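Below is one structure, written out as structure tokens; comments come after it.
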Amino acid sequence: MTRIVSGAAGGRTLQVPKRGTRPTSERVREALFSRLEHLGVVTDARVLDLYAGSGALGLEAASRGARAVTLVDASREAAEVCRRNVTALGLRDVTVVAERAERFVQRPVVAPWDLVLVDPPYDVTEDDLSAVLAGVAPSVAADGALVVERSSRSPEPGWPDGWEGVERRVYGETVVWFGEQGPDPA
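Each residue of the sequence shown is one higher than the one before, counting from 1 in UniProt numbering.
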């Protein structure tokens, strides 16, 4: 059973697509969002959750005070599960998009993202992941964060130009990478 860990919808259960997803464990989400809240990048943030699956990461952000959340998943089944979860939790300002991440990140944005959560299926190649990160990077606020969740056996993501991995946290079989924009070259 997958639940929202904390915030307005804390303890509420989430539906999960029957196949093709690997929901982030509550333990990992709790640790991840504790770190993100410490960094001050959740409250009042514009959050993008790519490869959303059940929406657990983005909905956790919404529950903890994000201003607006967009959940993106290529699977129509996953997108429908996300919509049902949004309705069941009664969270506002959450948008669900059934589209491939590679395509979504090419869209123009209304305002920059403060936090981008990227949790692709483990079978997404490093090259494909790097392309998604490069596609979304120009749409991230100057003080925004990119968070990538992968198998602990995966190498560090290929960060886009101007970005760097600043922290790596391992939780059993899962690794979470935190990326931020590096200093401007002088």
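Quick reminder that beta carbons are idealized off the backbone N, C-alpha and C, glycines included. Keep in mind the model is a prediction, meaning the values are calculated, not measured.
In terms of DSSP beta bridges, what is Ser151 paired with?
Taking the first residue of the sequence shown as 1, we reach residue 151 at position 151. Bridge pairing for Ser151: Thr174 [DSSP].
Are there 16 or more other CB atoms within 10 angstroms of the CB of Val72, so buried, or fewer, so exposed?
What you label residue 72 is simply residue 72 of the sequence shown in a count that begins at 1. It is buried - the Cβ of Val72 has at least 16 other Cβ atoms within 10 Å.
Out of curiosity, what's the CA-to-CA distance linking Glu126 and Glu156?
One-based indexing of the sequence shown puts residue 126 at position 126. One-based indexing of the sequence shown puts residue 156 at position 156. Each residue's alpha carbon lies about 9 Å from the other.
For the segment 4-11 against the segment 28-42, do three or more pairs of beta-carbon atoms, one drawn from each stretch, fall closer than 8 Å, so that the two count as touching?
The segment 4-11, when compared against the segment 28-42, does touch it at the 8 Å Cβ threshold.
Check the C-beta distance from Leu117 over to Leu50 and give it rounded, since I have them as a contact under 8 Å.
Locating residue 117 in the sequence shown gives position 117, counting from the first residue. Locating residue 50 in the sequence shown gives position 50, counting from the first residue. So it is a contact: roughly 7 Å between Cβ atoms.
Minimum C-alpha distance to Ser151 - residue among Val166, Val69, Pro121:
Taking the first residue of the sequence shown as position 1, residue 151 is located at position 151. Residue Pro121 is the option with its Cα nearest to Ser151.
Beta strand (DSSP E) containing Asp127: first to last residue?
Along the sequence shown, one-based indexing puts residue 127 at 127. Segment 126-136 is the alpha helix (DSSP H) holding Asp127; no beta strand (DSSP E) there.
When Arg168, Lys18, Gly144, Gly65 are compared against Ala78, the one with the closest alpha-carbon
Taking the sequence shown and counting its residues from 1, the one referred to as residue 78 is at position 78. Nearest of Arg168, Lys18, Gly144, Gly65 to Ala78, Cα basis: Lys18.
Element boundaries [beta strand (DSSP E), containing Val47]:
Numbered from 1 along the sequence shown, position 47 holds the residue referred to as residue 47. First-last of the beta strand (DSSP E) with Val47: 46-50.
Measure from the alpha carbon of Pro112 to the alpha carbon of each residue in Val176, Thr13, Val41, then state which is nearest.
The count along the sequence shown starts at 1 and reaches residue 112 at position 112. The residue with the shortest Cα to Cα distance from Pro112 is Val41.
Just the C-alpha distance for Arg107 and Arg100, rounded to the nearest angstrom, thanks.
Within the sequence shown, the letter at position 107 stands for residue 107. Within the sequence shown, the letter at position 100 stands for residue 100. Each residue's Cα considered, the two are about 11 Å apart.
Reducing DSSP to helix, strand and coil, say where Val41 ends up.
Looking up residue 41 in the sequence shown gives position 41. Of the three classes helix, strand and coil, the one that applies to Val41 here is coil, per DSSP.
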